[in-house]
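Okay, so here's the structure we're looking at.
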Amino acid sequence: MRGHLKPVARILRASLSESPDRERLARLVAGGDMSALVEAARYHRVIGLVHRALRGVPGLDDNVRARLDRFHRQGLVAHLHVLATLRRVREALDPTGSPWLVVKGPALVELAYRQAGLRLYQDLDLIIPRPSFAGSLERLETSGFELVDRNWELIRRLMIGELVAAHESGIELDIHWDVRYDREIRRVVSISTDELATRSRAVTVNGIPIRTLDATDTLVFLAFHATKQGGDKLIWLKDLERTIANDPPSWPDVVERSRESGLALFVGAMLLRARRTAGAAVPEEVLTELLQNRAWRSALSALDRVFPPERSDGFGTPATLVVRSMRPGVKSTLATASSGLRHRARRLLATGTARRDENQDDPDDPASRAFPTGEPGSRERYLEEVMLEP
Numbered sequence: 511m512r513g514h515l516k517p518v519a520r521i522l523r524a525s526l527s528e529s530p531d532r533e534r535l536a537r538l539v540a541g542g543d544m545s546a547l548v549e550a551a552r553y554h555r556v557i558g559l560v561h562r563a564l565r566g567v568p569g570l571d572d573n574v575r576a577r578l579d580r581f582h583r584q585g586l587v588a589h590l591h592v593l594a595t596l597r598r599v600r601e602a603l604d605p606t607g608s609p610w611l612v613v614k615g616p617a618l619v620e621l622a623y624r625q626a627g628l629r630l631y632q633d634l635d636l637i638i639p640r641p642s643f644a645g646s647l648e649r650l651e652t653s654g655f656e657l658v659d660r661n662w663e664l665i666r667r668l669m670i671g672e673l674v675a676a677h678e679s680g681i682e683l684d685i686h687w688d689v690r691y692d693r694e695i696r697r698v699v700s701i702s703t704d705e706l707a708t709r710s711r712a713v714t715v716n717g718i719p720i721r722t723l724d725a726t727d728t729l730v731f732l733a734f735h736a737t738k739q740g741g742d743k744l745i746w747l748k749d750l751e752r753t754i755a756n757d758p759p760s761w762p763d764v765v766e767r768s769r770e771s772g773l774a775l776f777v778g779a780m781l782l783r784a785r786r787t788a789g790a791a792v793p794e795e796v797l798t799e800l801l802q803n804r805a806w807r808s809a810l811s812a813l814d815r816v817f818p819p820e821r822s823d824g825f826g827t828p829a830t831l832v833v834r835s836m837r838p839g840v841k842s843t844l845a846t847a848s849s850g851l852r853h854r855a856r857r858l859l860a861t862g863t864a865r866r867d868e869n870q871d872d873p874d875d876p877a878s879r880a881f882p883t884g885e886p887g888s889r890e891r892y893l894e895e896v897m898l899e900p
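Numbering (the numbering used here), first residue to last: 511 to 900.
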């Protein structure tokens, strides 16, 4: 991050606190260029937290404050739309009697943040075990949802563990039959969707009865999910901090399940980062158990000091590359990171940009999941292959 943006990064990090130091925030506002604040907060998905932290802080440019207000209002409206979508999903799926879970989104707002407006989001994540996945998808389509994913060649080649559908209201569903993104990660990480469903719990979100992951699986899932894109967005770290504070896991179970599934390094890296950046109350002995290689833990800490997540802006750093490349072992992680670095170099030469490509829904991009490909029957073959995946 360029020098004149450092005050912005400091404000973002300070906004993660449950008791922001508003005098310090006022000094940061007065001493720096705030023109990039809103876009940085949007990138890190912390508009709600920054909006709260800067409420009443003097000196902030009126236009910047107005933009914060506007995006915060839009986030609150999106929350209401997602709740309405959740009701539609429940009406479609509950009559089947098959299990389905809500993860992140409204479940996090209810259990971890305990109030709307801080953790903003715009979609709804579901987990549906494989035996009922195809039937549940059909019921959702009958209820007004339409598949966004159409690149069946890509989806089948990678055996992507989710499909995206959208309602006419604009809210998207990420419908997971497996929380591991693709076949490559399923080969090295062991997670049973059936076991997640068995351990799930009943909760009520804004008057809507649902099931979600138990507290331990929630923390492990949040950490694992964050590594997919490098674990640099501040909202992912705040999710971990708030979950630990308000929906605490069983720490022995966190260690045991992480080890059994091959996720010890994934979870350890994110908990280490969340403790340093967001003040997450992670016991030292848990980090010691998850990150038993002291040299590796020291390397992760050093990368986060040199490339702190609050300065991340989408172009990637060695810290995000290593976390994005995480595998069950240190050697395999380094090998994946090396391969990823070569891929980024080729992409830079081909496109002229080093920015990470996180857009998966451009129907005009052949690399997008929304780009229509595949022969007739490709969808049906994919759904059949879902049941054959290990």
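Using N, Cα and C, we set each Cβ at its ideal position, and we do this for glycine too.
Query - C-alpha gap between Leu570 and Leu526, whole angstroms - result: As a position in the sequence shown, residue 570 is number 60, starting the count at 1. As a position in the sequence shown, residue 526 is number 16, starting the count at 1. Their Cα atoms are separated by approximately 18 Å.
Query raised in the report: How would you label Glu751, buried or exposed, when you count the other beta carbons within 10 angstroms and need 16 or more for buried?
Result: Taking the first residue of the sequence shown as 1, we reach residue 751 at position 241. Its Cβ being crowded by 16 or more others within 10 Å, Glu751 is buried.
Query raised in the report: Near Asp692, what residues of its chain come up, given a Cβ to Cβ distance below 7 Å and the 5 sequence neighbours on each side ignored?
Result: Your numbering for residue 692 matches position 182 in the sequence shown. Result list for Asp692: Leu668, Met669, Ile670 and Gly671, in chain order.
Report task. Go ahead and pull the three-state DSSP assignment for Pro517. Result -> By 1-based counting over the sequence shown, the position of residue 517 is 7. Pro517 falls in the helix class under three-state DSSP.
Report task. Helix, strand or coil for Asp749, going by three-state DSSP, please let me know. Result -> Counted from its first residue, the sequence shown places residue 749 at position 239. Correct three-state label for Asp749: helix.
Query raised in the report: Taking C-alpha atoms, which residue in Ala755, Asn756 and Leu773 lies nearest to Asp763?
Result: Taking the sequence shown and counting its residues from 1, one reaches residue 763 at position 253. Answer by Cα proximity: Leu773.
Requested in this report: Going by CA-CA distance only, name the one from Asp757, Arg807 and Asn756 that's closest to Val777.
Outcome: Residue mapping note: residue 777 aligns to position 267 of the sequence shown, counting from 1. Minimum Cα distance to Val777 is reached at Arg807.
Query raised in the report: Counting only runs that start and end within the stretch 696 to 778, where is the alpha helix (DSSP H) found for 4 or more residues in a row?
Result: List check, alpha helix (DSSP H) in window: 703 to 709, 725 to 737, 744 to 756 and 761 to 771.
**Report entry** Backbone CA spacing between Asp579 and Gly824 [nearest angstrom]
**Finding:** On the sequence shown, position 69 is the one that residue 579 refers to. On the sequence shown, position 314 is the one that residue 824 refers to. Approximately 24 Å, taken between the alpha carbons.
Query raised in the report: How is Ala880 classed by DSSP in three states: helix, strand or coil?
Result: Taking the first residue of the sequence shown as 1, we reach residue 880 at position 370. In the structure shown, Ala880 sits in coil (DSSP, three-state: anything other than H, G, I, E or B).
Query raised in the report: Quick one: any contact between the stretch 783 to 796 and the stretch 739 to 753, if contact means 3 or more CB pairs under 8 Å?
Result: A contact exists between the stretch 783 to 796 and the stretch 739 to 753.
**Report entry** Segment contact, 8 Å Cβ cut-off, at least three pairs: the stretch 755 to 762 with the stretch 638 to 657
**Finding:** No, the stretch 755 to 762 is not in contact with the stretch 638 to 657.
Query raised in the report: Near Val613, which residues of its chain fall below 7 Å by C-beta distance, leaving aside the five closest residues on each side in sequence?
Result: Looking up residue 613 in the sequence shown gives position 103. Taken in chain order, the residues that qualify are Asp635, Ile637, Thr722, Leu723 and Phe731.
Query raised in the report: According to the Cβ coordinates, are Arg666 and Ser811 closer than 8 Å?
Result: To locate residue 666, count along the sequence shown from 1; it is residue 156. To locate residue 811, count along the sequence shown from 1; it is residue 301. Not a contact, by the Cβ cut-off of 8 Å.
Query raised in the report: What residue ranges within the stretch 623 to 663 form continuous alpha helix (DSSP H) runs of no fewer than 4 residues, ordered along the chain?
Result: Taking 4 residues as the minimum length, the alpha helix (DSSP H) runs contained wholly in the stretch 623 to 663 are 643 to 652, in order along the chain.
Requested in this report: Have a look at Pro818, Pro568, Leu673 and Arg767 and flag the residue whose alpha-carbon is nearest the alpha-carbon of Glu651.
Outcome: Here residue 651 is taken as the residue at index 141 of the sequence shown, counted from 1. The option with the nearest alpha carbon to Glu651 is Leu673.
Report task. Output yes if chain C places a C-beta closer than 8 Å to the C-beta of Val796; else output no. Result -> Any reference to chain C falls outside this structure, which holds one protein chain only.
Query raised in the report: Is it the case that the Cβ atoms of Ile681 and Val592 are separated by a distance below 8 Å?
Result: Within the sequence shown, numbered from 1, the residue matching residue 681 stands at position 171. Within the sequence shown, numbered from 1, the residue matching residue 592 stands at position 82. For Ile681 and Val592, yes; Cβs fall inside 8 Å.
Requested in this report: Output the boundary residues of the beta strand (DSSP E) element that contains Glu682.
Outcome: Taking the sequence shown and counting its residues from 1, the one referred to as residue 682 is at position 172. Run containing Glu682: Glu682 to His686, per the beta strand (DSSP E) assignment.
**Report entry** Secondary structure of Val689, DSSP reduced to three states
**Finding:** The sequence position of residue 689 within the sequence shown is 179, counting from 1. Note: Val689 maps to coil in three-state DSSP.
**Report entry** Assigned exposure category for Lys841 - 16 Cβ within 10 Å defines buried
**Finding:** On the sequence shown, residue 841 is found 331 positions in, with the first residue counted as 1. Exposed, since its Cβ has fewer than 16 Cβ neighbours within 10 Å.
Query raised in the report: What's the C-alpha gap between Phe881 and Ser529?
Result: To locate residue 881, count along the sequence shown from 1; it is residue 371. To locate residue 529, count along the sequence shown from 1; it is residue 19. Between Phe881 and Ser529, the C-alpha separation is close to 45 Å.
**Report entry** Cβ neighbour criterion (16 or more within 10 Å) applied to Ser646
**Finding:** Working through the sequence shown from its first residue, we reach residue 646 at position 136. Ser646 is buried by the Cβ-count criterion.
Requested in this report: Let me know the secondary structure DSSP gives Ala676 once reduced to three states.
Outcome: In the sequence shown, counting from the first residue as 1, residue 676 sits at position 166. The answer is strand: DSSP assigns Ala676 an E or B state.
Report task. Mind reading off the beta-carbon distance from Gly585 to Leu630? Whole number of angstroms is fine, and I expect it under 8 Å. Result -> As a position in the sequence shown, residue 585 is number 75, starting the count at 1. As a position in the sequence shown, residue 630 is number 120, starting the count at 1. Rounded, the Cβ-Cβ distance is 3 Å, consistent with contact.
Query raised in the report: Which residues in the same chain have their Cβ closer than 8 Å to the Cβ of Ala519, if we skip the five residues on either side of it in sequence?
Result: Residue numbering aside, residue 519 sits at position 9 when the sequence shown is read from its first letter. Cβ neighbours of Ala519 beyond the five flanking positions: Met511, Ala550, Pro818, Glu820 and Arg821.
Query raised in the report: So, Arg532 versus Val567, is the Cβ gap smaller than 8 Å?
Result: Within the sequence shown, numbered from 1, the residue matching residue 532 stands at position 22. Within the sequence shown, numbered from 1, the residue matching residue 567 stands at position 57. Yes, these two residues count as a Cβ contact at 8 Å.
Query raised in the report: Using the beta-carbon count (16 or more within 10 Å), is Arg886 buried or exposed?
Result: The sequence position of residue 886 within the sequence shown is 376, counting from 1. Arg is not the amino acid found at residue 886; the sequence shown has Pro there. Result: exposed.
Requested in this report: State the beta-bridge partners of Val612 as determined by DSSP.
Outcome: Residue 612 sits at position 102 when you count from the first residue of the sequence shown. DSSP lists Leu636 as partners of Val612.
Query raised in the report: Buried or exposed: Ala829, going by 16 or more other Cβ atoms within 10 Å of its Cβ?
Result: Translated into the one-based positions of the sequence shown, residue 829 becomes position 319. Flag for Ala829 reads buried.
Report task. Measure the C-alpha to C-alpha separation of Leu706 and Ser848 and round it to an integer number of angstroms. Result -> As a position in the sequence shown, residue 706 is number 196, starting the count at 1. As a position in the sequence shown, residue 848 is number 338, starting the count at 1. Rounded to the nearest angstrom, the two C-alpha atoms are 33 Å apart.
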